[in-house]
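>
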């Protein structure tokens with residue numbers, strides 16, 4: 082018990098130390114909310130270098146890159162079934178649809194320190210939780226032979242305030258998604274895990290691949306997590322950022338089975354419900370891994386890393 | 082009455098026609114929600130060209146560019162007093178903070194078609210309504226002589242579903258903000274309006290500057306809007322996109338008086354409450370204005386426009 086809490090304290094201290102280093106160097110600017118940062122042009126330039134590099138690794142085998150906005154239709158979010166597994170990470174958006182009198186009451190509640198949000202109503206959009214969620218509704222129907230291969234990028238919201246700079250509430254994933262038969266999906270995921278490992282090692286990052294699980298919520302979630310690990314559906318590429326013992330996932334390869342194909346009525350060309358798989362690059366986390374590994378000043382990074390990232 | 086509704090019908094038809102043209106050319110991908118689009122790499126490349134061009138126009142007179150995330154601390158949003166004037170555009174974020182039993186109840190409500198969002202609670206963040214809102218909390222205190230000059234970019238959410246592709250629910254503003262004395266702020270806004278006019282004309286856009294007002298909510302809002310126009314606090318740079326009679330604002334220059342300096346306790350170096358002003362470039366709208374003016378295929382744009390945008 083003592084050992085565990087000392088380890089935890091050490092880990093939090095290391096997270097705070099790296100966060101301070103990033104803030105002192107003006108790489109990130111803190112806000113009053115943990116996990117929410119303003120990005121410097123330096124940070125953003127690294128993000129874009131990674132975006133370009135992974136795009137090249139896609140090697141022309143994908144439909145043209147799409148940038149998704151940070152919100153998606155509420156109905157699509159619900160169909161993704163995210164609420165069943167990760168309700169605590171969700172961001173639901175409310176807005177005001179009342180009249181002048183409702184507005185007066187809202188402002189009065191606000192002034193009195195009461196809950197003014199009760200005057201709001203759910204909007205037809207929610208925050209994206211994973212970059213590829215907004216993709217699947219566009220694939221409803223029967224896929225062509227060989228399935229579809231899509232490259233996309235988007236902002237994700239996860240409500241998990243943390244002092245760890247690598248655990249942001251708002252971050253971007255750059256993904257390559259395959260939708261088709263199980264075999265096509267597994268091949269896609271496994272090929273990309275190899276590609277990602279060599280790409281990230283080529284940037285000097287001490288990465289390795291591990292079997293992983295998503296942070297499923299609650300008691301039932303523990304069973305789902307164990308099952309996900311047992312069936313090796315999810316792999317992460319991890320890299321030490323604020324801890325060597327608990328390295329951070331900076332990319333992940335996920336085989337979804339028919340989790341999206343089912344609810345979004347996507348059929349493979351053979352008529353079976355389509356499966357899907359994605360590789361997701363965490364653009365903020367890879368940037369932080371680079372800053373940790375090569376130092377807080379990108380101008381002093383190895384030439385070869387700088388040139389790959391267009392720095 | 083007949084004339085007005087015919088005009089309105091024509092305008093909506095023109096908006097739908099341009100939207101269809103953008104979608105057919107795969108510049109934008111529609112979602113099931115009006116005003117919410119996935120951006121192509123082509124679209125995004127133009128956005129980044131504009132970002133670079135306005136950055137150069139800043140001519141080194143600004144603190145290094147910051148990229149803001151799409152959400153900001155709830156407390157800062159409230160202090161901005163946006164709820165008083167634009168409650169209908171607001172995006173408040175809820176998340177789930179309950180236990181296993183609450184989760185079961187949430188899922189049951191969802192399955193029964195009931196309002197499951199009643200199991201959520203307000204998160205400590207909200208969606209940004211204007212790119213510069215998250216800036217002011219960082220300026221609390223006394224400013225240096227001459228004030229501060231900040232360049233920033235961020236996603237904004239406005240709940241105003243529309244068939245007009247130029248009225249997106251999620252879009253980016255690239256801003257240059259001055260905070261200091263009234264004279265400094267007015268000079269900043271007016272200088273930038275001239276700079277923006279010549280920059281946008283240099284891209285071949287048929288723009289002009291007009292006095293404008295924000296879309297204040299409700300009955301009281303009509304008075305606020307009239308007052309804003311009478312005191313010429315807001316100017317817009319407008320350009321025909323889907324209508325020549327009602328051109329679209331693609332940039333705006335706003336003098337806020339002490340609207341932010343007061344609540345965020347920002348003092349000018351002379352000890353008075355600081356005033357602020359900003360010029361905001363609507364990155365999506367400028368992109369759309371270019372696509373409308375020069376044609377849907379950027380490869381066929383005038384060489385001089387292409388080269389300025391790095392295309």
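Chains as they are written, first to last, in my numbering: chain F, 82 to 392; chain A, 82 to 392.
Glycine included, C-beta positions come from ideal geometry on N, C-alpha and C.
Only a predicted model underlies this, so the values are computations on that prediction, with no experimental measurement involved.
#1: Is it buried or exposed for residue 360 of chain F, if we count other Cβ within 10 angstroms and need 16 for buried?
#2: Output the distance between the C-alpha atoms of residue 221 of chain A and residue 181 of chain F, rounded to the nearest integer angstrom.
#3: Does any CB atom of chain F fall closer than 9 Å to the CB of residue 219 of chain A?
#4: Starting from residue 164 of chain A, find everything on chain F with Cβ-Cβ shorter than 9 Å and list it in chain order.
#5: Which residues bound the alpha helix (DSSP H) around residue 163 of chain A?
#6: Looking only at DSSP bridge pairs, what is residue 254 of chain F linked to?
#7: Scan the stretch 283-337 of chain A and note each continuous alpha helix (DSSP H) run of 4 residues or more that stays entirely inside, going in chain order.
#8: Within its chain, find whatever has a CB closer than 6 Å to the CB of residue 173 of chain A; leave out the 5 residues flanking it on each side and keep chain order.
#9: What does residue 118 of chain A touch in chain F if you count any residue whose Cβ is under 8 Å from its own?
#10: Since residue 201 of chain A meets chain F, which of its residues come closer than 8 Å, beta carbon to beta carbon?
#11: Rank A:190, A:209, A:248, A:385 by C-alpha distance to the C-alpha of residue 100 of chain A and give the top, closest one.
#12: Could you give the DSSP three-state label for residue 357 of chain F: helix, strand or coil?
#13: For residue 305 of chain A, which residues from the same chain have a beta carbon less than 7 Å from its beta carbon, with the 5 sequence-adjacent residues on both sides left out?
#14: Hey, residue 318 of chain F and residue 333 of chain F: beta-carbon distance below 9 Å or not?
#15: Are at least three pairs of beta-carbons, each pair with one atom in the stretch 214-228 of chain F and one in the stretch 124-139 of chain F, less than 8 Å apart?
#16: Find the residues of chain F that neighbour residue 110 of chain A, judging by a C-beta separation of less than 8 Å, and give them in chain order.
#17: Excluding sequence positions up to five away, which residues of its chain have a Cβ less than 6 Å from the Cβ of residue 109 of chain A?
#18: Compute the Euclidean distance between the alpha carbons of residue 378 of chain F and residue 372 of chain F, then round it to the nearest angstrom.
#19: DSSP puts residue 173 of chain A in a beta bridge; with which residues?
#20: Can you pull the DSSP bridge partners for residue 111 of chain A?
#21: Going along the chain, which residues of its own chain have a beta-carbon closer than 6 Å to the beta-carbon of residue 83 of chain F, five neighbours each way excluded?
#22: So with Cβ pairs under 9 Å, would you call residue 123 of chain A a contact of chain F?
#23: Which whole-angstrom value describes the C-beta separation of residue 342 of chain A and residue 260 of chain A, a residue pair presumed to lie in contact below a C-beta threshold of 8 Å?
#24: Can you tell me whether residue 388 of chain A is buried or exposed, with buried defined as 16 or more other CB within 10 angstroms of its CB?
#25: For a contact meaning CB atoms closer than 7 Å, what does residue 181 of chain F contact in chain A?
#26: So that I know if they touch, is there some Cβ in chain F lying closer than 9 Å to that of residue 240 of chain A?
#27: At what residues does the beta strand (DSSP E) containing residue 144 of chain A begin and finish?
#28: Any beta-carbon of chain F closer than 9 Å to the one on residue 263 of chain A?
#29: In whole angstroms, what is the alpha-carbon distance linking residue 94 of chain F and residue 324 of chain F?
#30: For a contact defined as C-beta to C-beta under 7 Å, what are the partners of residue 114 of chain A on chain F?
#31: Against chain F, with Cβ distances strictly below 9 Å, would residue 254 of chain A count as a contact?
#32: Compute the distance between the beta-carbons of residue 107 of chain F and residue 121 of chain F, then report whether it is under 9 Å.
#33: Considering only residues of the same chain and omitting the five flanking positions on each side of residue 187 of chain A, which have a CB-CB separation below 6 Å?
#34: When the distance is taken between beta carbons, is residue 391 of chain A closer than 9 Å to residue 382 of chain A?
#35: Can you grab the Cα-Cα spacing for the pair residue 278 of chain A / residue 169 of chain A, in whole Å?
Inspection of the coordinates gives the following:
#1: Buried is the label assigned to residue 360 of chain F, since at least 16 other Cβ atoms lie within 10 Å of its Cβ.
#2: When rounded, the distance between both Cα atoms is 33 Å.
#3: Yes, contact with chain F.
#4: Against chain F, a Cβ distance below 9 Å from residue 164 of chain A picks out 177, 184, 187, 188, 191, 197.
#5: Looking at the DSSP string, the run of the alpha helix (DSSP H) that includes residue 163 of chain A is 163-166.
#6: Beta-bridge pairing links residue 254 of chain F to F:235, F:363.
#7: Within the stretch 283-337 of chain A, the complete alpha helix (DSSP H) runs of at least 4 residues are 299-311.
#8: The residues are 207.
#9: Neighbourhood of residue 118 of chain A in chain F, by CB distance below 8 Å: 150, in chain order.
#10: 171, 173, listed in chain order.
#11: Ranking the options by Cα distance to residue 100 of chain A, first place goes to A:248.
#12: Correct three-state label for residue 357 of chain F: strand.
#13: So the qualifying residues of the chain are 166, 297.
#14: Yes.
#15: These segments do not touch.
#16: The answer, in chain order, is 147, 219.
#17: Excluding residues within five positions, the ones whose Cβ falls inside 6 Å are 103, 118.
#18: A straight line joining the alpha-carbon of residue 378 of chain F with that of residue 372 of chain F spans about 7 Å.
#19: Per DSSP, the beta bridge partners of residue 173 of chain A are F:175, A:207.
#20: For residue 111 of chain A, DSSP records a beta bridge to A:118.
#21: Confidence in residue 83 of chain F is poor, its pLDDT being 44 and thus under 50, which makes the residue's placement too unreliable to answer from.
#22: Against chain F, the CB of residue 123 of chain A has a partner CB under 9 Å away; the residue lies at that interface.
#23: Taking C-beta atoms under 8 Å as the contact rule, residue 342 of chain A and residue 260 of chain A qualify, at a distance of about 7 Å.
#24: With fewer than 16 Cβ atoms within 10 Å of its Cβ, residue 388 of chain A is classed as exposed.
#25: Neighbours of residue 181 of chain F on chain A, chain order: 299, 300.
#26: So, interface residue.
#27: Per DSSP, residue 144 of chain A is one residue of the beta strand (DSSP E) stretching across 144-149.
#28: Using a Cβ-Cβ cut-off of 9 Å, residue 263 of chain A does not count as an interface residue toward chain F, since no Cβ of chain F sits closer than that to its own.
#29: Residue 94 of chain F and residue 324 of chain F: Cα-Cα distance of roughly 10 Å.
#30: Per Cβ cutoff of 7 Å: 154, 205, 206.
#31: With 9 Å as the cut-off, residue 254 of chain A does not count as an interface residue toward chain F.
#32: In this structure, residue 121 of chain F lies closer than 9 Å to residue 107 of chain F by Cβ.
#33: Cβ neighbours of residue 187 of chain A beyond the five flanking positions: 197, 200.
#34: No, they are not a contact pair.
#35: Whole-angstrom Cα-Cα distance: 31 Å.
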